[in-house]
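With full-length UniProt numbering applied, the sequence shown covers 9 to 342.
Beta carbons: idealized from backbone N, C-alpha and C, even for Gly.
Quick caveat, the model's predicted, so the values are computed rather than measured.
Some notes on the structure that comes next.
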Amino acid sequence: EQLKQEINEYQSVSAELTEAFRIKYLGTKGIVKNIMGEMKNVPNDRKKEFGQILNEFKVFAESKYEFLKESTNGSTKASATIDWSLPGDPVGVGSRHPLSLVRNQIVSIFKRLGFAVAEGPEIEDDWHNFGAMNLPEDHPARDMQDTFYIHKDPSWLLRTHTSSVQARVMEKQKPPIRVICPGRVYRNETVSARAHCFFHQVEGLYIDEHVSFADLKQTLYFFVQEMFGKDVKVRFRPSYFPFTEPSAEMDISCLICGGEGCNVCKHTGWVEILGSGMVHPKVLENFGIDPNKYTGFAFGMGVERIAQLKYQVNDLRLYSQNDIRFLKQFTGAV
Ligand code: PHE
Numbered sequence: 009e010q011l012k013q014e015i016n017e018y019q020s021v022s023a024e025l026t027e028a029f030r031i032k033y034l035g036t037k038g039i040v041k042n043i044m045g046e047m048k049n050v051p052n053d054r055k056k057e058f059g060q061i062l063n064e065f066k067v068f069a070e071s072k073y074e075f076l077k078e079s080t081n082g083s084t085k086a087s088a089t090i091d092w093s094l095p096g097d098p099v100g101v102g103s104r105h106p107l108s109l110v111r112n113q114i115v116s117i118f119k120r121l122g123f124a125v126a127e128g129p130e131i132e133d134d135w136h137n138f139g140a141m142n143l144p145e146d147h148p149a150r151d152m153q154d155t156f157y158i159h160k161d162p163s164w165l166l167r168t169h170t171s172s173v174q175a176r177v178m179e180k181q182k183p184p185i186r187v188i189c190p191g192r193v194y195r196n197e198t199v200s201a202r203a204h205c206f207f208h209q210v211e212g213l214y215i216d217e218h219v220s221f222a223d224l225k226q227t228l229y230f231f232v233q234e235m236f237g238k239d240v241k242v243r244f245r246p247s248y249f250p251f252t253e254p255s256a257e258m259d260i261s262c263l264i265c266g267g268e269g270c271n272v273c274k275h276t277g278w279v280e281i282l283g284s285g286m287v288h289p290k291v292l293e294n295f296g297i298d299p300n301k302y303t304g305f306a307f308g309m310g311v312e313r314i315a316q317l318k319y320q321v322n323d324l325r326l327y328s329q330n331d332i333r334f335l336k337q338f339t340g341a342v
């Protein structure tokens with residue numbers, strides 16, 4: 009009984025003490041072994057009683073040892089002792105890429121307006137990228153988008169815009185159609201601070217009865233206000249795209265210099281952020297949509313440009329260099 013009490017007082021979490029406990033009670037020269045050695049001196053008629061008590065004590069000491077071992081994390085070696093007060097190793101938490109952040113913001117704004125997300129292949133055929141978009145083979149406007157062709161086979165190419173995804177949607181779906189198409193596109197441009205051979209777009213398409221240019225303007229105006237705040241100014245300029253008529257480009261007041269004049273807005277105070285227009289009747293006909301019944305608008309914007317304005321990124325190459333010093337600045341942004 010006295011020994012039991014002694015054992016009860018062991019509460020340590022240290023590995024050294026646990027090991028000392030083992031040696032003292034359970035070791036080859038320990039107390040348990042020692043008392044067992046006494047067995048031969050016990051008179052025969054009391055051997056049974058003595059044996060029971062001894063066994064009970066042994067089980068008790070063993071379970072205490074297991075308990076102590078657990079409290080030192082299973083180890084009885086001093087070197088493996090854990091100091092619970094030490095600060096932990098930092099765990100590197102990643103951050104979202106700025107282009108993903110901005111893409112997600114754009115998508116969520118248009119989702120609130122009822123647009124669904126559509127995706128398609130990056131390797132496209134000529135029809136979906138150009139033909140269906142009212143750019144037949146000899147169309148001079150093909151030069152607007154310097155195209156990468158696959159193995160010099162002009163029937164396969166890397167898509168130059170995600171209008172190709174809109175083509176695939178119109179192929180499968182009847183109006184009303186309301187989709188946005190985010191994705192990577194490719195153009196054969198010399199890489200510099202202002203141009204890259206690949207970039208990201210979000211294009212949109214809305215086709216229904218009675219869709220008007222006023223709807224187009226209001227939708228894009230809403231988008232800009234949600235994206236950049238209420239103070240940003242907007243202007244539409246007439247433009248040309250083979251797949252829209254009329255066409256317009258939209259500028260916003262420069263967020264980099266606030267209109268003072270800088271390289272991003274080429275000292276005009278305005279930055280172009282997207283192309284847009286009313287879907288050309290030829291495009292609707294290409295997909296068996298009656299242009300007398302349905303009208304639609306389309307738009308396309310570059311994610312890099314929007315992110316540049318939002319986060320003041322002055323060199324397009326930063327987006328794809330994977331420089332941790334650049335990427336880390338977006339930690340915590342959602
Ligand atoms: N597809 C055009 C481009 O990549 C953008 C655009 C889309 C313009 C829809 C008008 C309408 O430049």
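- Using a cutoff of 7 Å, the CB of His169 counts as near the ligand PHE, since one of the ligand's heavy atoms is closer than that.
- With the rule of 3 Cβ pairs closer than 8 Å, the stretch 165–183 counts as touching the stretch 135–143.
- Nearest C-alpha to Phe236 among Arg202, Asn16, Ser255, Cys262: Cys262.
- Relative to the ligand PHE, the beta carbon of Glu234 is positioned no closer than 7 Å to any heavy atom.
- For His136, there is no enclosing beta strand (DSSP E); the enclosing alpha helix (DSSP H) covers residues 134–137.
- Put simply, the backbone Cα of Gly35 is about 12 Å away from that of Tyr73.
- In terms of Cα proximity to Arg245, the closest of Ser284, Gln153, Glu78 is Ser284.
- Membership of Glu64 in the alpha helix (DSSP H) is indicated by the continuous run 52–79.
- Partner residues in the beta bridge of Ser255, as assigned by DSSP, are Ser247, Gly285.
- Look at Ala341 here: in three-state DSSP terms it is coil, with no helix or strand label.
- At a threshold of 7 Å, Thr252 counts as near the ligand PHE, since its beta carbon sits closer than that to one of the ligand's heavy atoms.
- Taking one beta carbon from each stretch, the stretch 221–231 and the stretch 183–193 have fewer than 3 pairs nearer than 8 Å; the two do not touch.
- Between Tyr214 and Phe305, the CB-CB gap stays under 8 Å.
- Excluding its 5 nearest sequence neighbours in each direction, Ile185 has C-beta neighbours in its own chain below 8 Å: Val177, Met178, Leu213, Tyr214, Ile215, Asp216, Gly304, listed in chain order.
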